[in-house]
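In the UniProt record's numbering, the protein residues as written are 1 to 56.
To keep things clear, I will list the structure first and then write my remarks on it.
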């Protein structure tokens with residue numbers, strides 16, 4: 001695991017850097033987690049402003 005593995009990447013889904021790194025390793029460099037985040041954001045399903053301490 002890389003440095004900052006416990007840092008949250010997505011507050012909506014609760015994913016951490018370690019989750020994304022593991023997903024990339026399992027999927028030959030492609031992240032289904034990040035694809036899911038992007039699809040949710042594109043469909044206006046993102047709640048980052050409500051759940052993230054930074055509001056983004």
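Just so you know, even glycine gets a beta-carbon here, dropped at the ideal spot from N, CA and C.
Extent of the continuous alpha helix (DSSP H) run through residue i
i: residue 48; result: 48–51
i: residue 56; result: No alpha helix (DSSP H) contains residue 56, which DSSP labels as neither H nor E.
Residue i classed as buried or exposed, judged by whether at least 16 other C-beta atoms fall within 10 angstroms
i: residue 31; result: buried
For residue i, the first and last residue of its enclosing beta strand (DSSP E)
i: residue 86; result: In the structure as shown, the chain starts at 1 and stops at 56, and residue 86 therefore has no counterpart that could be examined.
Cβ pair residue i, residue j closer than 7 Å
i: residue 39; j: residue 18; result: no
i: residue 56; j: residue 12; result: no
In the segment 8–42, which residue ranges form an unbroken beta strand (DSSP E) of at least 3 residues, counting only runs that do not cross its ends? 8–10
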